[in-house]
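My numbering numbers the first residue of the sequence shown as 472 and each following residue consecutively. Before any comments, here is the structure.
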Amino acid sequence: MEKRNTITNQKVTGRGIRNLRWWILPMVTAIIVWVLVAGSLRQPAGPAQGTMFQGKAAVAASSEPTNLRVATYNIHGGRDAHGHESLAGIAGCLRDADLVALNEVRGGIGGRPVNQSRILGERLGLAWLFAPYERRWWQDHFGNGCLTSLPVLFWQRIPLAGPERGRERNAVWVQLDYQGRNLQVVITHLDRGGDRQSQLQAVTKFFLGLAEPCLLLGDLNTGEDDGDLQNLLATSGVRDPVKDCLGKATPPRIDWILSRGMRGVYASVCDDGASDHPCFRVNLEVPSG
472 MEKRNTITNQ KVTGRGIRNL RWWILPMVTA IIVWVLVAGS LRQPAGPAQG
522 TMFQGKAAVA ASSEPTNLRV ATYNIHGGRD AHGHESLAGI AGCLRDADLV
572 ALNEVRGGIG GRPVNQSRIL GERLGLAWLF APYERRWWQD HFGNGCLTSL
622 PVLFWQRIPL AGPERGRERN AVWVQLDYQG RNLQVVITHL DRGGDRQSQL
672 QAVTKFFLGL AEPCLLLGDL NTGEDDGDLQ NLLATSGVRD PVKDCLGKAT
722 PPRIDWILSR GMRGVYASVC DDGASDHPCF RVNLEVPSG
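In structure tokens form, the structure reads like this:
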């Protein structure tokens, strides 16, 4: 009798284990699917602000009149047009710059943290800021960046409104000490879709409301034929220093450096294939008087 009970218990236990396996497998599968779906969804990074960048501390601001070397570069996630890693070539285009605006900066690749603002800042010996506009895989994933040798006074990450979820954008407002002046900088990357016009209008209004000297830098995803951009360029005091310096040699572009209270003395374009965008550079000065 006891032996029969033992056999019966073994049968029940074996059947229970098999039933448990059938119950666990769907549950584990559902959890894996949820993790993959939830992690891959793009979430807005939201606003943020601070008074410091990370990385190398900037030297004290000089009162000597020197040109400010500015660059704007959409780095295509650190890859060239063929998809190959190209941060070394990108850094080469940015060498000796005092202020760099970066677009399409990755903070993570496949769930692995890879802060490209930090990598470039360390290579160039500049303080750095990563300003994500989207989070993915539970980390800051993609956005804008800023590198500088100037002392940082303040920075703020400002989300830009858009009708489409998963197409987040932001503007980065940075205040720097330049020759004892408060230099205000706006860095942005506007959408290509239907919300680009409203984003451009919002950024334009913000830029025109800043005290001089100030800069608007980044990929506006629009060319000179855009009506809103033409209105901005026609506004009193707004300069296009790249075109002021290059004249008819200025290539068609969607990446812009615009200034108020500063003028260009030299400009160049670095288009060595390290990104699918060229890097635009300009040396600026604050006019005396």
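All C-beta atoms, glycine included, are put in the ideal place defined by N, C-alpha and C.
Asked, Found
"Would you list, in sequence order, the uninterrupted alpha helix (DSSP H) runs of no fewer than 4 residues that lie entirely inside the region 520 to 600?", "558 to 564, 587 to 595"
"Quick one: using the 10 Å Cβ neighbour count with 16 as the cut-off for buried, is residue 545 buried or exposed?", "buried"
"Whose C-alpha, out of 593, 709, 676, 611, is nearest the C-alpha of residue 735?", "709"
"Thinking C-alpha only, which one of 590, 744, 514, 755 is nearest residue 564?", "744"
"Assuming the contact rule is C-beta atoms closer than 8 Å, residue 540 and residue 569 should be a hit. Round their C-beta distance to whole Å, please.", "5 Å"
"If distances are taken between C-alpha atoms only, which option among 641, 732, 728, 571 comes closest to residue 602?", "641"
"Here's a check: name, in chain order, each residue in its chain whose Cβ is nearer than 8 Å to the Cβ of residue 692, leaving out the five neighbours to either side.", "660, 661, 662, 663, 667, 725"
"Give the straight-line distance between the Cα atoms of residue 627 and residue 683, rounded to the nearest whole angstrom.", "18 Å"
"Since I believe residue 753 is in contact with residue 713 (beta carbons under 8 Å), could you give me their beta-carbon distance rounded to a whole number of angstroms?", "5 Å"
"Does DSSP classify residue 711 as helix, strand or coil?", "coil"
"Run through the region 623 to 665 for me and flag every whole beta strand (DSSP E) of 3 or more residues, listed as ranges in chain order.", "623 to 631, 640 to 649, 652 to 660"
"Give the DSSP bridge partners of residue 743, in chain order.", "Paired residue(s): none; residue 743 is not in a bridge."
"Hey, residue 605 and residue 614: beta-carbon distance below 9 Å or not?", "yes"
"Residues in its own chain within less than 7 Å of residue 507 by CB, not counting five upstream and five downstream?", "With a pLDDT of only 45 at residue 507, under 50, the local geometry of the prediction cannot be trusted, and no value is derived from it."
"Secondary structure at residue 687, three-state DSSP: helix, strand or coil?", "strand"
"Could you spell out the range, first to last residue, of the alpha helix (DSSP H) harbouring residue 754?", "No alpha helix (DSSP H) contains residue 754, which is instead part of the beta strand (DSSP E) from 750 to 756."
"Starting from residue 675, trace the alpha helix (DSSP H) both ways and give me its first and last residue.", "667 to 679"
"Verify whether the separation of the beta carbon atoms of residue 575 and residue 526 is less than 9 Å.", "no"
"From this set, 686, 671, 704, which residue's C-alpha is nearest residue 649's C-alpha?", "686"
"What's the C-alpha gap between residue 751 and residue 514?", "30 Å"
"Would you tell me roughly how many angstroms separate the C-alpha atoms of residue 543 and residue 720, rounded to the nearest one?", "18 Å"
"Measure the Cβ-Cβ separation of residue 611 and residue 578 and say whether it is below 9 Å.", "yes"
"Could you tell me whether the Cβ atoms of residue 524 and residue 644 are closer together than 9 Å?", "no"
"Here's the rule: buried if 16 or more other CB atoms are within 10 angstroms of the residue's CB, otherwise exposed. What is residue 607?", "buried"
"Can you have a look at residue 567 and say buried or exposed, based on whether 16 or more other CB atoms are within 10 angstroms of its CB?", "exposed"
"Measuring only the C-alpha atoms, how far is residue 595 from residue 619?", "10 Å"
"If residue 658 sits next to residue 572, beta carbons under 8 Å apart, how far is it from one beta carbon to the other, in whole angstroms?", "4 Å"
"Starting from residue 699, follow the beta strand (DSSP E) in both directions and report where the run begins and ends.", "Residue 699 -> not in any beta strand (DSSP E); alpha helix (DSSP H) instead, spanning 698 to 704."
"Put residue 718 into one of helix, strand or coil per three-state DSSP.", "helix"
"Answer yes or no: do residue 738 and residue 704 have a C-beta to C-beta separation smaller than 9 Å?", "no"
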